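Numbering (the working numbering), first residue to last: 2 to 456. For glycine and all other residues, C-beta sits at the position ideal for the given N, C-alpha and C. Fair warning: this is a prediction, and the values are worked out from it, not measured in the lab.
So, in structure tokens, the structure goes:
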């Protein structure tokens, strides 16, 4: 019974973060009207979460290794719930943006512990495979239900309901988490405070420079980025630069960045575009083909990658995403609804084909004892790409219109396809299981290196 309660707690925590992320996109127009927010404010509503999550992701895994994964998981859920309450009560856009950053910090603390705790609680290969399948299924359900749930709540109770819903789910997660056994590494890595601070400054300043189109924050980001690279040369670095000498890991990181650059930017723009003449629920229904195809296609992707190797699958996925965005851009705002649904389905197929192989390539680039850290790097790139995509495509949309923004996203996706074509090679045997890898990448994985070692 304790194992089942543990799995339920971890899955609820995952559902909490994943559903909130997808639902908030549908609430953007309502938030803009309710708080009198500009397009830049709405970009920050999304990117405050993305930047905080990306900046704290690797440290979140390290804190779990050092202080106990259950303790950090529970702390992260509590922080996420607290941020959600402030989001729901936010009287102005700046308060909402700050609270979204708190949510991102909570997610970065909680989510990296999930897979590490699954490895502790389900040590046998067969039972772990079943637990991973359940965990991945929850990811898919959250991805598919998020737009519909967000649209329904916005129409029935207003955008604040999206954040209030997090409170009972979070409290249930905390109550069930008492069944989760504690675990930590016997010899954990130290917390890299200088590297963490510089990462926050770099990501925050870079995003601010793009969204607000300011030069000074860009200069601050350049200095912080250079200082971060120097700081990470130390032995106990948050992001050991020796990992990035692995060509396959660099390729996986670049492809992950390109993938989410276009996809997260699209989700924001599509929400704004679809709700120009429709309500939020209708917009959620129109978006449904994208997550539905991801959920249905991800298990097949694992088998395709296992049979043909990751390169053709990743190239096909990135090409489909680039092609879908290009088709949307060429059709313009007047695209007929049936064609729009086809475009969303094509984008979903591309995302399904790419997500699993990306993490497989990253993990296969290193030895098994560093697989968690390599997966964390890929997910860091994924969230960095999401933040950049929302920032850049939002600016292009404001200055040149929807087709130009979509074309920009398409160009980045196709560039990712070229990187995959020329950079991806065969996998080693320590890659994740092909049957469950397809959906795992849709949520950040642990950055721990020894997930099985109990305290």
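Assigned exposure category for residue i - 16 Cβ within 10 Å defines buried
i	result
residue 187	exposed
residue 170	buried
residue 304	exposed
residue 95	exposed
residue 339	exposed
residue 231	exposed
residue 112	buried
residue 128	exposed
residue 315	buried
residue 433	Confidence at residue 433 is low in this model, with a pLDDT of 48, below 50, so its placement is unreliable and no value can be given for it.
residue 414	buried
residue 70	buried
residue 8	buried
residue 233	buried
residue 337	exposed
residue 13	buried
residue 358	buried
residue 423	exposed
residue 75	buried
residue 21	buried
residue 77	buried
residue 176	exposed
Nearest-angstrom Cα separation, counted from residue j out to residue i
i	j	result
residue 386	residue 181	33 Å
residue 1	residue 300	Since the displayed the chain opens at 2 and closes at 456, residue 1 lies outside it and no answer follows.
residue 38	residue 276	16 Å
residue 261	residue 68	31 Å
residue 214	residue 6	48 Å
residue 56	residue 204	7 Å
residue 279	residue 225	43 Å
residue 247	residue 257	16 Å
residue 322	residue 254	17 Å
residue 208	residue 3	43 Å
residue 183	residue 103	25 Å
residue 10	residue 72	13 Å
residue 53	residue 101	9 Å
residue 87	residue 417	38 Å
residue 121	residue 398	46 Å
residue 97	residue 26	14 Å
residue 212	residue 173	37 Å
residue 436	residue 140	Note on residue 436: pLDDT 42, under 50, position unreliable in the model; no value is reported.
residue 374	residue 221	28 Å
residue 23	residue 144	7 Å
residue 217	residue 210	7 Å
residue 266	residue 343	19 Å
residue 407	residue 291	16 Å
residue 311	residue 92	48 Å
residue 389	residue 354	22 Å
residue 43	residue 125	45 Å
residue 250	residue 381	12 Å
residue 31	residue 99	18 Å
residue 400	residue 65	43 Å
residue 206	residue 47	16 Å
residue 1	residue 228	Summary: the structure shown does not reach residue 1, with the chain confined to residues 2 through 456, and so no result is reported for it.
Residue i: first and last residue of the uninterrupted alpha helix (DSSP H) it sits in
i	result
residue 266	248-275
residue 306	290-309
residue 34	3-36
residue 359	338-365
residue 334	Here residue 334 belongs to no alpha helix (DSSP H), and DSSP marks it neither H nor E.
residue 404	403-424
(message) Check whether the segment 286-293 and the segment 146-157 are in contact - that is, three or more C-beta pairs closer than 8 Å.
(response) yes
(message) Quick check for students: name the residue ranges of the alpha helix (DSSP H) that lie wholly in the segment 136-216, counting only runs of 4 or more.
(response) You should have 161-165, 167-177 and 194-213.
(request) Let me know the alpha helix (DSSP H) ranges lying completely inside the segment 41-105, each 4 residues or longer, listed in chain order. (result) 70-90
(message) Tell me whether the segment 49-63 and the segment 119-139 touch, counting them as touching only if at least three CB pairs, one residue from each stretch, are closer than 8 Å.
(response) no
(message) Between the segment 76-88 and the segment 120-133, can you find at least three pairs of beta-carbon atoms closer than 8 Å?
(response) no
(request) Assess, as a yes-or-no matter, whether the segment 195-203 is touched by the segment 237-244 under the definition of 3 or more beta carbon pairs within less than 8 Å. (result) Output reads yes: the segment 195-203 touches the segment 237-244.
(request) Kindly confirm or deny that the segment 153-170 and the segment 12-32 touch, where touching means at least three C-beta pairs closer than 8 Å. (result) yes
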